[in-house]
Structures are given as structure tokens and as C-alpha cells.
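Chains as they are written, first to last, in the working numbering: chain A, 14 to 146; chain B, -16 to 405.
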């Protein structure tokens, strides 16, 4: 199992609070989202290449616990050199930036995804990713 | 499948053994072409509509264009798989004479038992090679087979996937499920009457030729492919047990241009295709019969969150032919629409027509309906030690068959099938 490393507790809390079970949403870094809707966004946009099961890599690494995880930290996944060199923590903001335009964050990366321009869809997706822990 | 009257050199037992050997090499997971799924870490449903081959999702189309080589990055995947299709065929009226060695009606048959080498062989190199035993033909033969090399690069300022394929069936390399080699129906009974006329691109020289084509799928959506086919030698075809059929005089050029977009929520393609060949008897010399095909085709697929998947795939092929000095035209239209719920329950409707203005007038029109269920092949069924499976019912109704309308409905066919991958 991959535990989130490098703490961003306030952010995680914000996402937990923005989950549909807790309708009273608190302060948040990105626009607050609906994790249920976000699950659909995940199935549509990401599920071909990413699993949400811990330790399950497809074409892309498992996204279990990705919010707050160090970049390129799944040991048995072969990241691109660009991703290895990124050296960041996948905060919600950073993931948001990455999935808006993957080549903007990792120009030589190997995630063949054009990007998700819809901010609302990204917010819902991030709310869903935050529940994966 | 183009097993023709077989040579009987192979027994059921022997084929079963081959498949058992394939299975023993590690088919533990529940998948469509298990070797592809093991290689990518993805379940069948990522690449196949309804979680069962061969109808591709946009993701599967890209996997194919990428040379069957994308993987989860780990080593040691064994590119072997196996498949079997058992079916039951009922025709509205008994067949007279009955299919060889079988009853006039209600036949149960092991139609295909196949072994595959399918997946990445080396960096950039992949294969899809099928060997099929048919208990109807009592023979084992080389089926659809291709080797590909593909690479992602920038050529003449265009980013995209560039590749070369070597294969034995024109358009089997095509990813869009619109052309004859891989369009609906993905299985149909070998034991029922059917249309006798079809264009060059529809099985006429399948398995008896070898083609080399180069292709590019640019990131801007443009797909282009160009190459040539020529006949395989009698010797080679004898070795792989394929009925040689007619010979291509010289080369048969094949070309294809399409526009393909994968928007993740949906995908579509529109394209044109062409092929021409001069065919003559294997031992003849001089000019043969001439066939020139031109076609348009397209698909639209709504994928959404994958719970409700709609697809429409169609093609219109026009052929100008000169057969024994008679010039004629053949036009073939095929359009199929399918809906799959929860990547498991599917329904497909297909309209088909062939218009033949030669003196033979082998016109055909009809409708086909299919319902099927694929219980496995999803990520959640990942650990299941079962094989992937599709169970289906298919009904074909003819309004006209091979030029005859009056009793065309005698050939209406109900087929039940069980299709398993191990």
C-alpha cells in the first residue's frame, strides 16, 4: 500500500469536507467538487490508463492515495525521465495544473492525455481522488 | 476465418493439446485476449466494447495502432492466448443437402478453436497471430496474422504514431471495426447459407496473400496508410493449410485515409479506402479478372463513464469488376448500431445489402439482430480465475438472398453461441 507522503493535511481535510457526504464544505484550494460526479469523470477520462486500486498499475501508475503523494514514487512503475525529474508533491493544485495540460507540467512526460479544460469537471475529479485513501 | 475444405491432417485431439499448452503457460486472469490484458494491466473493457473482443473502444484502437506494444512497463509477459467458439445453428427451413457430415438442421458445432501469439515481442514490435482449428472443416490453419512495428515520433513536422504492418488479410490491420475483416458480426455461423457475392476487400483473398503497408496516425487526427499485397506461394499456403484460391497477378495496392478523434467521452472516424487486384487461376498465365474497390466508412462511439456505450459503425464499398470479360459493379452496404450496458449486456442491429449488376445478379439484403452477455472482463473481475466469456443469440433475416426474394426467408438463421477466451 502506498501511504501519502509529505503532508498537506489542510488540503486533504478540505477535500474530505467537500465530499458529498459532508455537504457543509469548508475552505478549499481548488473549486469544491462533488466526488460522486468526480467518479464518473474519472471513469470517462482516466480509467483506461489508471486504476484506483493500491498497487495496480496500468499504462499509468495507480492513483490510490495520489493526493499528497510524492511524484514518481510508485516503485514498480517506469516513469518517464521528465516525471522523475519533476520532484513535486501531488497537491490538489498541482494535480489540477497537471491534468489541465499534462505537457505544460511535464513536457517530456509519457502521459498521452490532452488535458481536461473544464474546471468544474476537474474540481469534481479532484474531490473524488481525495477520497482514495 | 478462412479455413476452407481442409486437408484433414490435424485431429481434434492435437488441436486441443495445442490450446492446452497455450493455456498452461499462465492464463490465470479473466480477459478477452488475455495476453493483451496481462501486458497492459488493463481489463478487457478498456479496449473492447462490452468487455469482449474484437470490437474496439478508442483506447483499443490506439493500442492496435501502437503495434500491440503498450504495457504496464513490467517484463516477462508471455504473449500467448487461446479462444474457442461453440455454436448452435437453426435455419428456418432444413438445408438440402445438409452441411457435410451434419444434420439438415439444428447443428451444434465447435466452429473455432484458436491459439494466439498476441502482444509485444520486442520494443516497438508486436504481433497478432492466430491459428485456428475448425471442427466443421476438420482442419487447423493459419488465421488472421499480422506483425507490426510502430513508433511515436515527429516526421516532416507532424507528431504521431508511425508504423509498418505485415499481414495476411487486407484491412485486418484497420482499427475502426468498419471494414470487412473486423466488422460486425464478429462471429456468425459457418453452417448457414449466406451471401455468395462480396467485394475483393471482403474475404476474397484473405489468408492467401501477404501485404506490407506503412501507416501514420498523426496527433491531429489524420490517418494514412499505403501498401501492397501479393500472393503467398502454394508451398507456404500448403504448410499453413490454407486453400490457395486465386492468385494475385503482380501486386494489389491498398490505400486508406481517415480522420480519427478520441475525445474520451466519445470517438469518431470517417475514412476512405481502396484496393485493386487482378486475380487469375494459380496455374494460369496472362490477364485475369479485375477488381477495383473504393469505399467510405465511419464510426461514432459514445463512451461516457462507460456505463452506457453506444456505437455506430458502417461502410459502403463499391467495386468495379471485369470477370471473364463481363464488366459489372458490386455495391455493399453495412451498418451496425450497438448498445452496451454496464460493459456486460449488449444489443446490436445490423442492416446489410449487396447489389450486384452482373449477369449473376447475386443481390442480398437483410437484417441481423444480436443480444449478448459478457459476465467477466472487467477490472472488478480481475482476480477471477475464470476465462472470459460471451454468450449470445444472433438472428439473421433475409429479404433477398443471392438474387432470390421469394424463398429468401428459408435461410433465416438463429444462432446461439458461447465464445470463451482462456
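Glycine included, every Cβ here is placed at the ideal spot set by N, Cα and C.
Item, Value
"Counting only beta-carbon atoms, is residue 53 of chain B nearer than 9 Å to chain A?", "yes"
"In three-state DSSP terms, what is residue 73 of chain B?", "strand"
"Does any C-beta atom of chain A lie closer than 9 Å to the C-beta of residue 13 of chain B?", "Here residue 13 of chain B scores only 31 on pLDDT, less than 50, and its place in the model should not be relied on; the value that follows carries that caveat. It does not: the Cβ of residue 13 of chain B has no partner Cβ on chain A nearer than 9 Å."
"Return the Cβ separation of residue 425 of chain B and residue 250 of chain B in integer angstroms, given the expectation that the two are a contact with Cβ distance under 8 Å.", "This structure gives no information on residue 425 of chain B, because the portion of chain B shown stretches from -16 to 405."
"For residue 45 of chain B versus residue 200 of chain B, is the C-beta spacing smaller than 9 Å?", "yes"
"Grab me the residues of residue 380 of chain B's own chain with a C-beta within less than 6 Å of its C-beta, minus the 5 sequence neighbours each way, in chain order.", "349, 350 and 395"
"Quick one: is residue 288 of chain B near chain A, going by C-beta distance under 9 Å?", "yes"
"Of all the CB atoms in chain B, is at least one closer than 9 Å to the CB of residue 54 of chain A?", "yes"
"If contact is defined by three or more beta carbon pairs under 8 Å, each pair taking one atom from either stretch, is the segment 46 to 63 of chain B in contact with the segment 86 to 95 of chain B?", "no"
"If we count the other Cβ atoms within 10 Å of its Cβ and call it buried at 16 or more, is residue 127 of chain B buried or exposed?", "buried"
"Who pairs with residue 275 of chain B in a beta bridge, going by DSSP?", "B:259 and B:303"
"Helix, strand or coil for residue 34 of chain A, going by three-state DSSP, please let me know.", "Caution applies to residue 34 of chain A, whose pLDDT of 38 falls short of 50 and renders its modelled position unreliable; the value that the coordinates give is listed next. Coil, per DSSP."
"Are there 16 or more other CB atoms within 10 angstroms of the CB of residue 111 of chain A, so buried, or fewer, so exposed?", "buried"
"Could you tell me whether the Cβ atoms of residue 33 of chain B and residue 329 of chain B are closer together than 9 Å?", "yes"
"For the alpha helix (DSSP H) containing residue 44 of chain B, name the first residue and the last one.", "41 to 48"
"Identify, in the order they occur along the chain, each residue of the same chain with its Cβ nearer than 6 Å to the Cβ of residue 74 of chain A, setting aside the five sequence neighbours on each side.", "87 and 90"
"Considering only residues of the same chain and omitting the five flanking positions on each side of residue 314 of chain B, which have a CB-CB separation below 6 Å?", "301 and 338"
"Going by C-alpha to C-alpha distance, which of B:60, B:71 and B:297 sits closest to residue 21 of chain B?", "B:60"
"Have a look at residue 107 of chain B and residue 137 of chain B and give me their C-alpha separation to the nearest angstrom.", "16 Å"
"So residue 192 of chain B and residue 147 of chain B are in contact, right, with Cβ under 8 Å, and what is the actual spacing, rounded?", "Their Cβ separation, rounded to whole angstroms, is 16 Å, which puts residue 192 of chain B and residue 147 of chain B out of contact at 8 Å."
"Which word fits residue 17 of chain B, buried or exposed, when buried means at least 16 other C-beta atoms lie within 10 angstroms of its C-beta?", "buried"
"What are the boundary residues of the beta strand (DSSP E) that residue 210 of chain B is part of?", "205 to 214"
"What distance in whole Å lies between the Cβ atoms of residue 29 of chain B and residue 61 of chain A, which are believed to be in contact at a cut-off of 8 Å?", "5 Å"
"Suppose only complete runs of 4+ residues qualify. What are the alpha helix (DSSP H) ranges in the segment 83 to 114 of chain A, listed by chain order?", "94 to 99 and 105 to 113"
"Whole angstroms are fine: how far does the CA of residue 307 of chain B sit from the CA of residue 405 of chain B?", "47 Å"
"Would you call the segment 259 to 269 of chain B and the segment 214 to 233 of chain B in contact, with 3 or more CB pairs under 8 Å?", "yes"
"Are residue 129 of chain A and residue 51 of chain A close, meaning C-beta to C-beta below 9 Å?", "no"
"Assuming contact is defined by CB atoms lying nearer than 9 Å, are residue 243 of chain B and residue 204 of chain B in contact in what I supplied?", "yes"
"Give the residues from the segment 112 to 146 of chain A that approach chain B closer than 7 Å (Cβ to any Cβ), ordered along the chain.", "none"
"Let's test the definition: count the other Cβ atoms within 10 Å of the Cβ of residue 333 of chain B and tell me whether it reaches 16, buried, or not, exposed.", "buried"
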